[in-house]
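Presented below is the structure to which this report refers.
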Amino acid sequence: MQKDSTPKLNSQAIYINGKDRTEEMESYSFEGDKCVVVYKNNGKSYSYHQSKIEIIQSALQTQKSADIFSYLKAVAETTGLKSEDGRNSLADSYERISFIPETSIVSNYLSQKLPEKNVNSSPVEIFPFGFNLSQKKGVDEAFANPLSVIEGPPGTGKTQTILNIIANAVMNNQSVAVVSNNNSATQNVFEKLEACGLSFLAAQLGSLQNKKAFIENQTELPDLSEYHLTDEKRLILTESNSLLFAELSEKLEQKNELAHLRLEIDALKTEYEHFTNSTATIFEARFRKNTNSHQLLSLWIKLEDYENANKKLKWWHQLIFPLKYGIKDKYFYELTYHEMIQIVQEKYYQVKITELELRKSSIEKALHDFSFNDKMKEYTRVSMLLFKNFLYKKYQGIQRPVYSESDFRLKSQEFINDYPIILSTTYSLTRSLSKEIMYDFVIVDESSQVNLASGVLSLSCAKRAVVVGDLKQLPNVVEKEMVVKTDQLFDEYQIPEPYRYSTQSLLSSLSELFLEIPKTLLREHYRCHPRIIDFCNKKFYNDQLIILSENKKEREPLLVYRTVVGNHAREQENQRQIDVITQEIIPQQMLENANLGIVTPYRNQTTALQSVFVNTDIKADTVDKFQGRENDVIILSTVDNEISDFTDNANRLNVAISRAKDQLIVLVNGNETQKDNNISDLIRYIEYNNFTVVHSEIYSVFDYLYQGYEEQRRKLLSKQKNTSVFDSENLMHVLIKEVLSEQEFSKYDVMIHFPLRSLFIDYDKLSEKEKRYAQHHATHLDFLIYNKLGKNPVLAIEVDGYEYHKTESRQGERDAMKNQILEKYKLPLLRFSTTGSGKREKLIKALRNVHN
45 MQKDSTPKLN SQAIYINGKD RTEEMESYSF EGDKCVVVYK NNGKSYSYHQ SKIEIIQSAL
105 QTQKSADIFS YLKAVAETTG LKSEDGRNSL ADSYERISFI PETSIVSNYL SQKLPEKNVN
165 SSPVEIFPFG FNLSQKKGVD EAFANPLSVI EGPPGTGKTQ TILNIIANAV MNNQSVAVVS
225 NNNSATQNVF EKLEACGLSF LAAQLGSLQN KKAFIENQTE LPDLSEYHLT DEKRLILTES
285 NSLLFAELSE KLEQKNELAH LRLEIDALKT EYEHFTNSTA TIFEARFRKN TNSHQLLSLW
345 IKLEDYENAN KKLKWWHQLI FPLKYGIKDK YFYELTYHEM IQIVQEKYYQ VKITELELRK
405 SSIEKALHDF SFNDKMKEYT RVSMLLFKNF LYKKYQGIQR PVYSESDFRL KSQEFINDYP
465 IILSTTYSLT RSLSKEIMYD FVIVDESSQV NLASGVLSLS CAKRAVVVGD LKQLPNVVEK
525 EMVVKTDQLF DEYQIPEPYR YSTQSLLSSL SELFLEIPKT LLREHYRCHP RIIDFCNKKF
585 YNDQLIILSE NKKEREPLLV YRTVVGNHAR EQENQRQIDV ITQEIIPQQM LENANLGIVT
645 PYRNQTTALQ SVFVNTDIKA DTVDKFQGRE NDVIILSTVD NEISDFTDNA NRLNVAISRA
705 KDQLIVLVNG NETQKDNNIS DLIRYIEYNN FTVVHSEIYS VFDYLYQGYE EQRRKLLSKQ
765 KNTSVFDSEN LMHVLIKEVL SEQEFSKYDV MIHFPLRSLF IDYDKLSEKE KRYAQHHATH
825 LDFLIYNKLG KNPVLAIEVD GYEYHKTESR QGERDAMKNQ ILEKYKLPLL RFSTTGSGKR
885 EKLIKALRNV HN
């Protein structure tokens, strides 16, 4: 009979019959299929069958993991708030942890090993709170992966997603803890449960105050008998709802396509209006009624090819073109190629809009015939009925006990069986119940605002975790004093950068540690006017959002107000902007009775605004305090004489804009600025979409038109398998696309072979020779980078072959002329030699210097 050596108990936990008995044991050893345990209190030994024993290893088995945990513990001692008696509750919570099981998510966090996916998980089909496609994906990922992230941009229904995870976990007899950095987010979850008659499942714990409130307000179980279903009825409803779920999933694809079409039509109409305002109408050419956009693009390309080859149209073209391209007007053939192309471009807008409108109408009819809204309501109703039937069966005949404060620790398992949903702050979760309790799910809401010390603490009792947040919104704030102190600790422990307390939230830390972490972006947006949220979509979310909100006509969705020129801001307060709000914006926009919020970057301006609007329904606060709130109308008071980096912070601006449901009014100082920053992007976007006259010598780029053209051109060149006929330009196109895909430059896009004559409104600044060159059909820019938000060109790029572009060559002379022309119109030009190096670095530097 061989005995194993006695292991150290602090490196393991020993469960007997499912209960942690580690601290009661002196030692244990295995003899055959028996485990012999010696207890501390009496020194006696007891034998248990091996099947009754479970040994769980510590998460701190490696020095690396132990160092990271020790660092976080030291951070807790440094940053944790102290109570009146001098106790640091965050540090106390870390001190209470005597063992972290390797089965907890913190084990993966400390070891930087992403837990393996559960390949046997089945897709979820019960969504009692309703669903869309990305919410469905987020719930599926939560059950398929021990650790997953749900990215929840504003207005995309993250609380609804959390509630569906909770419902399915409860139906699997699993416990769920929902935590955030404050009580407001978890209170929102509780209120949604309460509205559906489900609050009896949840206990709001964490702080001593919450625990006391719970003890004093315990209620009996509600009567769930009305939700009782026979087994036969339940099976029938489950089967019918499953079929309806499949149908709805298919129709949701159509709803998303419909949302995209509406936005695309709106954008195309806006661009067409800019096109017609900036180009002279030649005449209304006649085309066949069935002419499509594909034919028009092909005709454009054909005419351009003829012009470049100096070919003239023959008599037989008048026979072929009507059949092939739909053009019927004889006068068309008497025009210049440039005039012909302009007519085709205008017709393209008209036809493309009609095509999209027809597709939109077709989908709208299909959804109407399907009765989508009614079917979704019925699916949700039945799903909730099936959920409540489960709860009826679970709780029927049970008299739930009244718990005392000591029961939180002594009867934790019984408590969590009665209350499977625990709500707490990240700070307090481990003190809500016994320290041995491990939750089947811990859902961390608003995780971009959760600091590492409290976030990791909440994951220490999680078997599975779903981390919900948005890195494009404001992170947690670390005070300067704490930055210094915690950075000193970080340097002492010499651990990887994703664990740095001063720069990382829980969400950002996980995202950097686990590049392959399962992530679901909630794409469907329901809150803001399409024009408002589309700025955020283009600027911050790389056009990934599907905008399902309604295009209401009551108010102009986007407005810019400018004060008179002057240095009105003093100590982060701007009285002139307050005067404009009270004397101009509110009366002119008839906001006296509107659901109005005023946001500003600075506390001083907030204090001044709050004193002006005291005893009114108008809410004024900092952008940071407004995160998670919303109003029908939002006024953004920027305060600064010249926009500061703090005001211009991308996350802060994203939050400010996305608070507005129906109307966003941006108030800036009238001081002219050429800086290319986030606020100026917003102003350009508003001016473009509101058709404000912007005095510029360069056209807006008609990107929709030229992207359609480029796509058609690429198809015709597909046999060559190149974007351009020149390999050097193909390589440059790939490089530009790679650079523009980075978040820093995501507001830009690129066009290839952009004609110079389509760039300028007039040629007054040019000599006759320069004018002839600029207007020539073959003169183009190899690449034109433009700002997608205001459609304004920002950088021209030329790729120069060594021999072809020698200074003394004819092409060298043309290059010099192109340089002069672009310099006169203040459009930066970047030239790359095919023999040069460091192209990526030069391009990034040029983009960073745009308008700076």
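Residues in the sequence shown are numbered from 45 upward in steps of one, following our numbering. Think of the CB as a built atom: it goes at the ideal place given N, C-alpha and C, for glycine as much as any other residue.
In chain order, Pro167 and Val168 place their CB closer than 6 Å to the CB of aspartate 184, counting only its own chain and leaving out the 5 sequence neighbours on each side. When only Cα atoms are considered, tyrosine 90 and valine 80 end up about 6 Å apart.
One alpha carbon belongs to tyrosine 732, the other to serine 492, and they sit about 33 Å apart. Closest in alpha carbon position to aspartate 793, among Tyr543, Ile841 and Asp706, is Ile841. The beta carbons of leucine 177 and leucine 496 sit no closer together than 8 Å. Your pair leucine 207 and tyrosine 463 does not check out as a contact, with CB atoms roughly 16 Å apart and the cut at 8 Å. In the DSSP assignment, proline 799 falls within the beta strand (DSSP E) that extends over 792–799. Glycine 499 carries a helical assignment under DSSP once its states are collapsed to helix, strand and coil. In the displayed model, arginine 544 falls within coil according to three-state DSSP, outside both helix and strand. Isoleucine 100 places its beta carbon less than 8 Å from that of alanine 57.
When rounded, the separation of the alpha-carbon atoms in histidine 821 and histidine 361 is 21 Å. Scanning Leu477, Glu238 and Gln517 for the CA closest to the CA of glutamate 449 turns up Leu477. Taking proline 519 as the centre and dropping the five residues before and after it, the same chain places the C-beta of Ser492 and Ser549 closer than 6 Å to its C-beta, in chain order. Nearest Cα to aspartate 706 within the set Glu294, Ile460 and Gly199: Gly199. The three-state reading of DSSP puts arginine 647 in helix, counting H, G and I together. For the region 85–145, the full-length alpha helix (DSSP H) segments reaching 4 residues or more read 107–123 and 133–140 along the chain. Residue ranges of uninterrupted beta strand (DSSP E) with 3 or more members, entirely inside the region 457–488 and ordered along the chain, are 465–469 and 485–488. Note on histidine 93: under 16 other CB atoms within 10 angstroms of its CB, so exposed under the neighbour-count rule. In terms of Cβ geometry, leucine 873 and proline 837 do not form a close pair [threshold 8 Å]. DSSP places alanine 221 in the uninterrupted beta strand (DSSP E) bounded by 220–224. In the DSSP annotation of this structure, the continuous segment of the beta strand (DSSP E) that includes aspartate 844 starts and ends at 836–844.
Distance check between glutamate 75 and each of Thr666, Ser502 and Ile97 places Ile97 closest, using alpha-carbon atoms only.
Exposed is the label assigned to valine 446, since fewer than 16 other Cβ atoms lie within 10 Å of its Cβ. For glutamine 156, no beta strand (DSSP E) run applies, since DSSP gives it neither H nor E.
Between valine 624 and leucine 711, the gap from beta carbon to beta carbon is short of 8 Å. In the structure shown, methionine 69 falls within a strand segment according to DSSP collapsed to helix, strand and coil. Rounded to whole angstroms, the Cβ separation of alanine 694 and asparagine 722 is 6 Å, and the two are in contact under 8 Å. Exclusion of the five residues before and after alanine 135 leaves Ala120, Glu121 and Gly124 as the residues of its chain whose Cβ lies within less than 7 Å of its Cβ.
For serine 491, the secondary structure class from DSSP, reduced to helix, strand or coil, is helix. A direct Cα-to-Cα measurement between leucine 603 and asparagine 685 gives close to 19 Å. Burial check for alanine 247: the Cβ neighbour count within 10 Å reaches 16 or more, so the residue is buried. A distance below 8 Å separates the beta carbons of lysine 372 and arginine 330. In the structure shown, the three-state DSSP call for threonine 666 is strand. Using a Cβ distance threshold of 8 Å, isoleucine 865 and leucine 810 count as a contacting pair. Ranked by Cα distance from asparagine 893, the options Glu788, His824, Leu833 and Gly834 are led by Glu788. Classified as buried, isoleucine 709 has 16 or more neighbouring CB atoms from the shown chains inside 10 Å of its CB.
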